[in-house]
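My numbering numbers the first residue of the sequence shown as 21 and each following residue consecutively. Positions of the beta carbon are idealized from the N, C-alpha and C atoms, including for glycine. Below is one structure, written out as structure tokens, with a few remarks after it.
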Amino acid sequence: MLLMDEPFAALDEITRDRMGIELMRIHARFRKTVLFVTHSLAEAVFLSDAIVLMTPRPGRIARVITVDLPRPRLPEMRLTDAFARMVAELNRELYRMMA
């Protein structure tokens, strides 16, 4: 298992995309579970097969959302309607949880 806590947070968007693609390549090669923490909804959708939404303190699992976008995922996927819908769903769910 590979644990990553916001590893790309300080990177510019292009470098972040490149690192995400490299992470997906490594994952495809070694087939290990990756637990990736991010506050970026778009990054979560782009990299994930499943997204776990956590509650505020105390942190508990509130919902698990399956990302059913095709692989391989290239940066152009961020421009698709399906990608935008998935990010919007996450956004709505987070606002609902925080209300």
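Asked	Found
What is the DSSP secondary structure of alanine 48, reduced to helix, strand or coil?	helix
Excluding five sequence neighbours on each side, which residues of the same chain lie with their C-beta closer than 8 Å to the C-beta of glycine 40?	Phe28, Glu63, Phe66, Leu67
Answer yes or no: do glutamate 113 and leucine 55 have a C-beta to C-beta separation smaller than 8 Å?	no
Taking the alpha-carbon of leucine 31 as reference, which of Ser60, Gly79, Thr86, Pro90 has the nearest alpha-carbon?	Ser60
Could you check if threonine 86 is buried or exposed, using at least 16 other CB atoms within 10 Å of its CB as the buried criterion?	exposed
Can you name the start and end residues of the alpha helix (DSSP H) that methionine 21 belongs to?	Taken as a continuous stretch (DSSP letters only), methionine 21 belongs to no alpha helix (DSSP H), as it is neither H nor E.
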